[in-house]
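Numbering (our numbering), first residue to last: 1 to 154.
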């Protein structure tokens, strides 16, 4: 794809700040519900909860495109196998409200589970438990707000 085609494709998506708001809201809802309904320990946030990079698959748009990864830190301790299915269904239900579909297991054995969810824009949600319970989400490529509002590639 040319630079103009890459920009046009990304323009069909929300800008990265809209995605930031949506994904941080989704993560907060999942964390809150896992604590309230499943009974896991409160989340211990990561010191640096997110990072950003340029997009490899839309590299011609350069700094106009951005990907982000958000970490929820961790909930101390393993989520017991007896509660895993219920927790996974809860995460799946909330993630679906935000456009994510269950893709499958990365790891699924006693005491060690990690499942991945994806969306139409290349976003990926990971939920798992082993020593601790973890939750993170990565965006696909999205235009920066300035690039989106500008309306044309730089």
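The beta-carbon is built from N, C-alpha and C at its ideal position, and this holds for glycine as well. Please read all numbers here as calculations on a predicted model, not as lab measurements.
First through last residue of the alpha helix (DSSP H) which encompasses residue i
| i | result |
| --- | --- |
| residue 61 | No alpha helix (DSSP H) contains residue 61, which DSSP labels as neither H nor E. |
| residue 154 | Where residue 154 is concerned, there is no enclosing alpha helix (DSSP H), given that its DSSP letter is neither H nor E. |
| residue 147 | 145-150 |
| residue 52 | It is not in any alpha helix (DSSP H) - residue 52 instead sits in the beta strand (DSSP E) that spans 50-53. |
| residue 47 | Segment: none, residue 47 is in no alpha helix (DSSP H) and carries neither H nor E. |
Option in the options with minimal Cα separation from residue i
| i | options | result |
| --- | --- | --- |
| residue 16 | 93, 81, 96 and 54 | 54 |
| residue 36 | 1, 144, 112 and 75 | 75 |
| residue 142 | 132, 107, 150 and 122 | 122 |
| residue 108 | 125, 92, 56 and 130 | 130 |
| residue 29 | 86, 5, 94 and 13 | 94 |
| residue 34 | 92, 9, 62 and 18 | 92 |
| residue 22 | 152, 125 and 153 | 125 |
| residue 138 | 62, 43, 66 and 40 | 66 |
Separation of residue j from residue i, as counted between CA atoms
| i | j | result |
| --- | --- | --- |
| residue 134 | residue 72 | 7 Å |
| residue 82 | residue 46 | 27 Å |
| residue 156 | residue 13 | The structure shown does not extend to residue 156, since the chain is modelled only from 1 to 154, so the question has no answer here. |
| residue 97 | residue 50 | 22 Å |
| residue 27 | residue 136 | 8 Å |
| residue 103 | residue 31 | 20 Å |
| residue 152 | residue 44 | 41 Å |
| residue 154 | residue 25 | 31 Å |
| residue 40 | residue 150 | 45 Å |
Proximal residues to residue i (C-beta, below 8 Å), its chain only, five neighbours per side dropped
| i | result |
| --- | --- |
| residue 2 | 60 |
| residue 110 | 81 |
| residue 78 | 111, 129, 130, 131, 132 and 133 |
| residue 38 | 79, 83, 86, 87 and 90 |
Test item: CB-CB of residue i and residue j under 8 Å
| i | j | result |
| --- | --- | --- |
| residue 164 | residue 20 | In the structure as shown, the chain begins at 1 and stops at 154. Residue 164 is therefore absent and cannot be evaluated. |
| residue 180 | residue 101 | Lying before the first or after the last residue shown, residue 180 is absent from the chain, which here runs from 1 to 154. |
| residue 48 | residue 7 | no |
Run of the beta strand (DSSP E) containing residue i, from where it starts to where it stops
| i | result |
| --- | --- |
| residue 106 | 101-109 |
| residue 90 | From DSSP, residue 90 is part of no beta strand (DSSP E) but of the alpha helix (DSSP H) over 81-96. |
| residue 24 | That residue, residue 24, is in no beta strand (DSSP E); its alpha helix (DSSP H) goes 16-33. |
| residue 112 | 112-118 |
Proximal residues to residue i (C-beta, below 6 Å), its chain only, five neighbours per side dropped
| i | result |
| --- | --- |
| residue 114 | 106, 107 and 128 |
| residue 145 | 15 and 17 |
Cβ shell of residue i (< 7 Å), same chain only, five flanking positions each side left out
| i | result |
| --- | --- |
| residue 57 | 141 |
| residue 120 | 99 |
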